[in-house]
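Note sheet for the following structure.
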Amino acid sequence: MAAELLQATGGRMEQMEQQVTQMSSSSSSSSSSSSTFTSSTSTTKLRKVSQGLSRTIEEHSGVQRKTSAVVESFSQVQKSPQIPKGESVPDFEEKLRPITAQEGDNAVFKTRVLGNPKPSVSWERASGCPLSDATKSFYDNINNQHILKIKNMALEDADVYKCIASNKHGEATYSVSLIVTENPALDFKKMLKKRSVEKREEKKPPTEEEMLKILAGADKKDYERICAEYGFTDFRGILKKLKEMKKKVEVEMVRVLKPLEDITAKADTNVVFDTILELKDPNIRMQWFLGVELLRIQYSHGKYEVKQMGTKHMLCISSVSLSDMGTYTLQVGDKRLSARLNVIDEPLKFLSDFKPKKVTERQTAVFEVRLSKKTNAPLIWKVKGKEVKRDEKFDVSLSEDGLTYTLKIKDVKVSDTGDYTISIGDLTTTVPLFIERIPIKFISHLKNVHVQERSKVRLECEMSSKDVHIRWLKDGCDITASRRYIFMREGKRAEVIIEDCELTDGGEYSVVCTQDNDTHEYVSSANLTVDERFASVLRGMSDAQCPTGSTAELCVVLDDEKVDGMWLKDGMEISGLSRVQVVKQGAVHKLIFSGVTDAHEGKYTFRAKGAESEAVLTIADPPEIDSSVLDLLGARPVVVKAGQTATIKIPFKGKPPPKVTWYKDGVEVTEDERTKVEKTADGTSLVLSRCVREDSGAIMLRLKSDCGTAVANLHLNVIDHPKPPQGKVEFPELSGKGIKMKWKAPRDNGGKQVTSFVIERRVAGKKSWNRVGEVDNSTTIFRDDKVEEGQAYQYRIRAVNAEGMSEPLETEEVRAGEPVEPPGTASQPQVSNITKNTMTVSWTPPAHDGGAPVQGYILERRKKGSNMWLQVNKELLTGQTQDSHACCNGCSHVVMT
407 MAAELLQATG
417 GRMEQMEQQV
427 TQMSSSSSSS
437 SSSSSTFTSS
447 TSTTKLRKVS
457 QGLSRTIEEH
467 SGVQRKTSAV
477 VESFSQVQKS
487 PQIPKGESVP
497 DFEEKLRPIT
507 AQEGDNAVFK
517 TRVLGNPKPS
527 VSWERASGCP
537 LSDATKSFYD
547 NINNQHILKI
557 KNMALEDADV
567 YKCIASNKHG
577 EATYSVSLIV
587 TENPALDFKK
597 MLKKRSVEKR
607 EEKKPPTEEE
617 MLKILAGADK
627 KDYERICAEY
637 GFTDFRGILK
647 KLKEMKKKVE
657 VEMVRVLKPL
667 EDITAKADTN
677 VVFDTILELK
687 DPNIRMQWFL
697 GVELLRIQYS
707 HGKYEVKQMG
717 TKHMLCISSV
727 SLSDMGTYTL
737 QVGDKRLSAR
747 LNVIDEPLKF
757 LSDFKPKKVT
767 ERQTAVFEVR
777 LSKKTNAPLI
787 WKVKGKEVKR
797 DEKFDVSLSE
807 DGLTYTLKIK
817 DVKVSDTGDY
827 TISIGDLTTT
837 VPLFIERIPI
847 KFISHLKNVH
857 VQERSKVRLE
867 CEMSSKDVHI
877 RWLKDGCDIT
887 ASRRYIFMRE
897 GKRAEVIIED
907 CELTDGGEYS
917 VVCTQDNDTH
927 EYVSSANLTV
937 DERFASVLRG
947 MSDAQCPTGS
957 TAELCVVLDD
967 EKVDGMWLKD
977 GMEISGLSRV
987 QVVKQGAVHK
997 LIFSGVTDAH
1007 EGKYTFRAKG
1017 AESEAVLTIA
1027 DPPEIDSSVL
1037 DLLGARPVVV
1047 KAGQTATIKI
1057 PFKGKPPPKV
1067 TWYKDGVEVT
1077 EDERTKVEKT
1087 ADGTSLVLSR
1097 CVREDSGAIM
1107 LRLKSDCGTA
1117 VANLHLNVID
1127 HPKPPQGKVE
1137 FPELSGKGIK
1147 MKWKAPRDNG
1157 GKQVTSFVIE
1167 RRVAGKKSWN
1177 RVGEVDNSTT
1187 IFRDDKVEEG
1197 QAYQYRIRAV
1207 NAEGMSEPLE
1217 TEEVRAGEPV
1227 EPPGTASQPQ
1237 VSNITKNTMT
1247 VSWTPPAHDG
1257 GAPVQGYILE
1267 RRKKGSNMWL
1277 QVNKELLTGQ
1287 TQDSHACCNG
1297 CSHVVMT
């Protein structure tokens, strides 16, 4: 039964298939026909499901149809080449769903739409029929849904419905099918109405082909009734035909709904071979051939591309050429579909409209040449017969499609004017380029100037360009060649200078600027006003003091070198004054004295037009110290003993009295409780009380006045005992025979020569010092021979001069030779030969002598009951036996040490 239905509905399903394909094709074609700046993306989903029983009833007076083809497709087209951040092409957040319902029921399509800016939504039928009166579309604000509602559906409402959402960036379309099935309750009423109409209208019975189409959409149980209604009598024959149609559908694995078609295209364009196939096995193998050669799609580097959109199968060939001409074949199972591609290769030509180009200087001139097709021949740009190469000035580029050549001339100048020639192959054309000059603008104009005569005047301006020609005018007359003026030009700046302005220089000054290829004159003007002026003093005279017989000069500087003046002394004009000279050097006026005497002292006045200056000339002698005093001070130092008072007195003369300053070792001496500076009109004294060695050094007296300076130098030597010898004492020899030491002379000898060095010693652990030797100043080495082996000593050294001894330089403790330990204990004393007055004590030497021979023994005794030991012998005992004559009454113990 399913096979019969498939056979019966084959024609109707093919019709629906073509209808959906046309929708996809129209969406694709609308995208491809957009401008080159519009990129489009489209995705289409197509789904077809057998949906049970279907039948179609067609009549000349009207059509009632019901389909089992369930359609669901989506497409999206982007119109904007670039989409700003945050905006997007419309899309469907909630998809539409196909609906199958009985006639008389209601159908509702619901969807949610996304996109920024907010998309506008419309509804259409794929068949092109308008929406019925029972159909209403509206927006649900609560659920944010776009709704299409169809009330009381009829069979004529069955169709593919499209929801279209669009904004400025593109549009999205979602298509779904509405399947309307017959309502049996309504069928009976329709049949009654139809029979009454058929009785009134006698109609010719349908043909066999028409009857097959009618039965294709009906149930098998209704075949006999439908044949009777239409007056078709060959019932058995029509059933046989239906069975044959079923077998044909089952055997045919590939059904061609649209064959390949021949294509004629221009070279360098893209072509698409397309066919619509109905495949029983969706995994059936497909192969494309050019002639007999298999196309290896995956290795074509984008030359060939195979696409599928539902039942539509396509071969896309990019940038076709003459080598792509031929017959293209699609092998699908046992089916072969072929079509021919014809390529028309048109001759190369220019598509651009070449017109003279005008560009303002400093801008970028752009020439574009569009070719009719791609070519491997190089395109050559020439200007003034010279080929243009790509550099910082010229930029040559080629578009991605290889058809548009662009030449950019950056920062154009007047020199870039000319004919630009474009040559490629045998094609040549010329385009003239004209450069429009930028009008000259004054960044800063000439400004009015108001000065006094004999001043320096500067009139300046700045233009927008440095490539200009300049003329200067005064009151309309050209002064460019006049030597009266100094004309300066630096870059965009121009100026005229008048060094010594006169009253006749007043007037209107203008600068006239012109440039090449520009007839216009650009003018800037300003007025110069010159006023008469009086002289004024720039630098006046100052009071002067000078020694008798010296030269002197009084000077006045005016602001006008051409103004003369007059000199006066004590209010009287100078005339007949000896050794006086009047000098004028431009604006400088001088009164020079070759040898000043008492007659030259007085008040001097210089007078000029509007200017006057005064000064007083007085005679002054510089400070002076008698040369004999200087010789005496330099011959020998001033010597004083430590603790005494040093008085240094130096006489001098000078007018006015000079300033007195004493220095010691370059540092100014300041008064304190020990230092006093005394000054009189003809001398000065430096008094140092309680002198110390540190007061020694270079003493300088400086006398200074406005007339000059005098200096006296001397040396003060405060003598004292010397400083201690220097540094750490070295010991080249440390032995039991002697200790040798070495030191350095003192840093300061106290102002007197060191005569000798005194060496003192003490035994380690003792407090008293003993003098062990003295050496003269010619050596700093001493050897102490009187030492005991192993004994530790400490030394100190003093320097001696005529004033006494220095503080000592102490050494660390040193040892003579190797260290010696105390001897061991002697044996137990043995007492024999005891009498009233004597006894004999004997002992044996100790087993260990401590590293040196035993020098002797000490014998001690104590009385019985007493703890005090008394030494018996005064000298060391050298033997091992001793007769003791001391009183031994009560003696109970004898000890040897």
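Residue numbers for the sequence shown follow my numbering, so the first one is 407 and each next one is one higher. From the three backbone atoms N, C-alpha and C, an ideal C-beta is built for every residue, glycine too.
Query: Environment of valine 772 [buried if 16+ CB atoms lie within 10 Å]; Result: exposed
Query: Under the three-state DSSP convention, the category threonine 886 falls into; Result: coil
Query: Residues near proline 1064 by beta carbon distance below 6 Å, same chain, minus five either side; Result: Pro1029, Leu1109, Lys1110 and Ser1111
Query: Exposed unless 16 or more other CB atoms sit within 10 angstroms - verdict on glutamate 1216; Result: exposed
Query: Straight-line Cα distance separating asparagine 1207 from glutamine 1200; Result: 24 Å
Query: Residues that DSSP places opposite isoleucine 750 in a beta bridge; Result: Lys672
Query: C-alpha gap between isoleucine 828 and threonine 675, whole angstroms; Result: 25 Å
Query: Exposed unless 16 or more other CB atoms sit within 10 angstroms - verdict on cysteine 883; Result: exposed
Query: C-alpha distance - tyrosine 1069 paired with alanine 1104, whole-angstrom precision; Result: 8 Å
Query: 6 Å Cβ shell around valine 1093 - same chain, five flanking residues per side excluded; Result: Thr1053 and Lys1082
Query: Cβ contact (3+ pairs, closer than 8 Å) linking the region 967-981 and the region 1028-1044; Result: no
Query: Per-residue DSSP class, three states only, for threonine 910; Result: helix
Query: Local conformation of serine 441 per DSSP, three classes; Result: In this prediction, serine 441 has a pLDDT of 30, which is less than 50 and means its spatial position is unreliable; nothing more can be read from the coordinates.
Query: Cβ neighbour criterion (16 or more within 10 Å) applied to threonine 1284; Result: exposed
Query: Reduced DSSP category for leucine 809 - H, G, I as helix; E, B as strand; rest coil; Result: coil
Query: Cβ contact check for the region 918-934 and the region 837-851: 3 or more pairs under 8 Å; Result: yes
Query: The beta strand (DSSP E) enclosing cysteine 535, as first and last residue numbers; Result: From DSSP, cysteine 535 is part of no beta strand (DSSP E); its letter is neither H nor E.
Query: Residue range of the unbroken alpha helix (DSSP H) whose run includes glutamine 634; Result: Reading off the sequence shown, one finds alanine at residue 634, where the question assumed glutamine. From DSSP, the alpha helix (DSSP H) with alanine 634 extends over 629-636.
Query: Neighbourhood of asparagine 1239 by C-beta distance below 7 Å, restricted to the same chain and skipping five residues each side; Result: Met1245 and Thr1246
Query: Sequence-distant residues of the same chain with beta carbon closer than 6 Å to isoleucine 750, five excluded per side; Result: Lys672
Query: Valine 678 vs methionine 720 beta-carbon contact at 8 Å; Result: yes
Query: Within-8 Å CB hit, asparagine 550 to chain B; Result: Looking at the structure shown, chain B is missing, and only one protein chain is on hand.
Query: Buried or exposed by the 16-neighbour rule on C-beta atoms within 10 Å, applied to glutamine 921; Result: buried
Query: For glutamine 488 and tryptophan 529, the rounded distance between their alpha carbons; Result: 28 Å
Query: Pair within 8 Å by beta-carbon distance, methionine 947 and leucine 960; Result: yes
Query: Counted within 10 angstroms of its Cβ, other Cβ atoms place isoleucine 723 as buried (16 or more) or exposed; Result: buried
Query: Arginine 1096 (DSSP reduced to helix, strand or coil); Result: coil
Query: Identified DSSP bridge partners for phenylalanine 1188; Result: Met1147
Query: Among Val1260, Asp565 and Leu1036, nearest to isoleucine 1056 - alpha-carbon criterion; Result: Leu1036
Query: C-beta contact flag for serine 581 and valine 514 at 8 Å; Result: no
Query: Closest by C-alpha distance to valine 738, when choosing among Met731, Asp730, Thr681 and Lys788; Result: Thr681
Query: Which of helix, strand or coil DSSP assigns to glycine 392; Result: Residue 392 lies beyond the range of the chain shown here (407 to 1303); nothing can be said about it.
Query: Enclosing alpha helix (DSSP H) for glycine 971 [first to last residue]; Result: Unbroken run through glycine 971 is the beta strand (DSSP E), 971-975; no alpha helix (DSSP H).
Query: Supposed contact pair aspartate 1191 and serine 1162 - C-beta distance, whole angstroms, cut 8 Å; Result: 19 Å between Cβ atoms; not a contact.
Query: Three-state secondary structure assigned by DSSP to lysine 1065; Result: strand
Query: Bridge-paired residues (DSSP) for aspartate 1182; Result: Ser1162
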